[in-house]
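Peer 1: Just add 412 to wherever you are in the sequence shown, counting from 1, and you've got the numbering used here.
Ideal Cβ placement from N, Cα and C applies to all residues, glycine included.
A quick note: this is a predicted structure, and the numbers were derived from the prediction, not measured.
Below is the structure I would like to discuss, written out as structure tokens.
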Amino acid sequence: MMEEDKNLKTQINELRIEEIDELREIAKPFISLMMEFRCALMEIETKLNVLNSEFALTHNRNPIQTIKTRLKQPASILEKISRKGLDVTIEAMEENLADIAGVRVICSFPEDIYAVADMMLHQDDLRMLEIKDYIKNPKPNGYRSLHLIMEVPIFLSSGKKFRKVEVQFRTIAMDFWASLEHQLRYKKNLENAEEICRELKECADVITSVDYRMQELRGKIEYADEEDC
């Protein structure tokens, strides 16, 4: 290992100044692009926090439990571009990848998901590109989530730009299931794979049932509070 490190250092030291400058020039547009996506995430997160605060003021509770943001790793971006059979260019990333910037919004109840998503849809500076409703139409494995793909404005010194962001809405229970399913999906050489898939689907259905029962209970509690007033 030490010998390999020495060889690598030697290769780096032997690079001509021109070659180093060339590498920097290649990296600059990508670094700039990722900065812009990071700014788009900050814009969305701010909007969600504002809506959460406003909802809490009018309904006396927060619909959003947590907000998680992430930027896709460079290796994942390159892998996805290659898988699509595209040239590795900034233009290809901008035009063909909708999930470089991602936001996961964890809500308390299913109806909160649609309430917050509807408020997002009424933000006149956001451009809605696509809606994928895996809550009303779950994936065959039981996955449930509401995905919004939108263009978000960012304001730079050179002017306004739009960057794509994928926003995923889940309840706490949906997120719990999806996290465990994601871990299990990458286990290799499972002899009982079909049985596990079937049980995961059953668990997803049970969790969904609990989600809506809890939502009904919250409604009953709120109604009882109104009757007492």
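Tell me which same chain residues have a C-beta within less than 7 Å of the C-beta of I456, skipping the five on either side of it?
Peer 2: Contacts found: V515, V564, V577 and V579.
Peer 1: Provide the residue span of the beta strand (DSSP E) that contains Q580, from first to last.
Peer 2: Segment G571 to T583, the beta strand (DSSP E) holding Q580.
Peer 1: When you compare the segment 474-493 with the segment 513-530, are there three or more beta-carbon pairs, one atom per stretch, that lie closer than 8 Å?
Peer 2: The answer is yes - the segment 513-530 touches the segment 474-493, with three or more Cβ pairs under 8 Å.
Peer 1: Go ahead and label V528 buried or exposed: buried means 16 or more other beta carbons lie within 10 angstroms of its beta carbon, across all protein chains shown.
Peer 2: Buried, by the Cβ-count rule.
Peer 1: For the beta strand (DSSP E) holding V500, just list the boundary residues, first then last.
Peer 2: Per DSSP, V500 belongs to no beta strand (DSSP E) and is neither H nor E.
Peer 1: Can you list, in chain order, the residues of its chain whose CB lies under 8 Å from that of N508, leaving out five sequence neighbours each side?
Peer 2: Answer for N508: I493, K496 and L498, listed in chain order.
Peer 1: Do T583 and D623 have their C-beta atoms closer together than 9 Å?
Peer 2: It is a contact, given that the beta carbons lie within the stated cut-off.
Peer 1: Check R450 in the structure and name its three-state DSSP category.
Peer 2: Correct three-state label for R450: helix.
Peer 1: For A504, which residues in the same chain have their Cβ closer than 7 Å to its Cβ, ignoring the five residues on either side in sequence?
Peer 2: So the qualifying residues of the chain are I493 and L498.
Peer 1: Going by the DSSP bridge assignment, what does M540 pair with across the sheet?
Peer 2: Paired residues: M562.
Peer 1: What residues match up with I525 in a beta bridge as DSSP calls it?
Peer 2: Answer by DSSP bridge pairing: none, since I525 is not bridged.
Peer 1: Spatial neighbours of A544 within its chain, please: CB distance less than 7 Å, with the 5 preceding and 5 following residues excluded, ordered by chain position.
Peer 2: Strictly speaking, residue 544 in this sequence is Lys, with Ala absent from that position. Contacts found: H559.
Peer 1: Under 9 Å, do A487 and I561 count as touching if we go by C-beta distance?
Peer 2: Going by C-beta atoms, A487 is not nearer than 9 Å to I561.
Peer 1: Return the CA-CA distance between L596 and K572, expressed in angstroms with no decimal places.
Peer 2: Those two C-alpha atoms are separated by around 42 Å.
Peer 1: Please confirm whether R575 and F467 have their CB atoms less than 9 Å apart.
Peer 2: Not in contact: R575 and F467 (Cβ atoms no closer than 9 Å).
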